[in-house]
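Novice:
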DNA sequence: ACAATAGGGGAATAATTTATCCCTATGCAA
DNA sequence: TTGCATAGGGATAAATTATTCCCCTATTGT
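Chains as they are written, first to last, in UniProt numbering: chain W, 1 to 115; chain B, 1 to 115.
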């Protein structure tokens, strides 16, 4: 991330949650980590459309935002495992609800999005 | 919006909801419209940090995604009113939950975000 | 005459986010 | 000996999103 020229808007709760969830793959990362995919390479395989680089960066941001923790094993080749923090777990109901809404309206959404 | 070079990922419900909510001011627009701020100029006053242009564009996208409707009155100066569609209203519980999570964790979020 | 109004759109530019490519290190297998 | 797997970082290019600035409409009030 570079130095920001336009200040963030952090007026209300919606801005705040937006800030930590904004990022192309963040929600999915949280989701897959919760499902037990802990290692970066596993996550990469789960989200093949994402570049390795950006996954790594977004994981770092999630960690900075205290939603996940990073555990490094001193082995070669390197091994790293991410887990949700307790704080991160409190986001799960929100993500679940979002996913349900999307699933429930899948057909309609596909139509209007690709219109 | 220009022609997209990188295809959208629309694999699951989370991608779909992400697509319609992604946009710097969209959630807030939905929220304020629901609170009864129907006219573009009202919304502009509610969200002074956003440029007029981008609000107008995001409103158009919300309309395209069938979350809001646009009603034009044949008067001068022009008068336009937006309202949530029934479909748009089904998003309110999701937005509410997001806002609540953000509010509840406001202090912590402010810390980690501006860290 | 002419500014003010309310909504919107085009074009150019700035800001931000992602993608691409290449590099590090080490033990194991072919 | 070469290649692979693993996790991540730097540099740079590309794509996407947002901002700025200016124009148009048509009527009302000064």
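Every residue gets a Cβ at the ideal spot worked out from N, C-alpha and C, and that includes glycine.
Keep in mind it's a predicted model, so treat the numbers as computed, not measured.
(1) Could you check whether the Cβ of residue 69 of chain W sits closer than 8 angstroms to any Cβ belonging to chain B?
(2) For chain B, is any of its Cβ atoms less than 8 angstroms away from the one on residue 23 of chain W?
(3) For residue 66 of chain B, does the three-state DSSP call read helix, strand or coil?
(4) Can you say whether residue 40 of chain B is buried or exposed, counting buried as having 16 or more other CB atoms within 10 angstroms of its CB?
(5) Identify the contact partners of residue 62 of chain B in chain W, using a Cβ-Cβ distance below 7 angstroms as the criterion.
(6) Determine, for residue 37 of chain W, whether the minimum Cβ-Cβ distance to residues of chain B falls below 8 angstroms.
(7) Does any CB atom of chain B fall closer than 8 angstroms to the CB of residue 115 of chain W?
(8) Does the beta-carbon distance from residue 16 of chain W to residue 88 of chain B come in below 8 angstroms?
(9) So that I know if they touch, is there some Cβ in chain B lying closer than 8 angstroms to that of residue 17 of chain W?
(10) Could you check whether the Cβ of residue 103 of chain B sits closer than 8 angstroms to any Cβ belonging to chain W?
(11) Which residue's Cα is closest to the Cα of residue 86 of chain W: W:30, W:8, W:3 and W:9?
(12) Mind pulling the chain B residues with CB within less than 8 angstroms of residue 27 of chain W?
(13) Counting beta carbon pairs with one atom in the stretch 92–110 of chain W and one in the stretch 7–15 of chain W, are three or more of them shorter than 8 angstroms?
Specialist: On the basis of the supplied data:
(1) no
(2) no
(3) coil
(4) buried
(5) Near residue 62 of chain B there are no residues of chain W at all, since even the closest Cβ is about 10 angstroms away, more than 7 angstroms.
(6) no
(7) yes
(8) no
(9) yes
(10) yes
(11) W:30
(12) 14 and 18
(13) no
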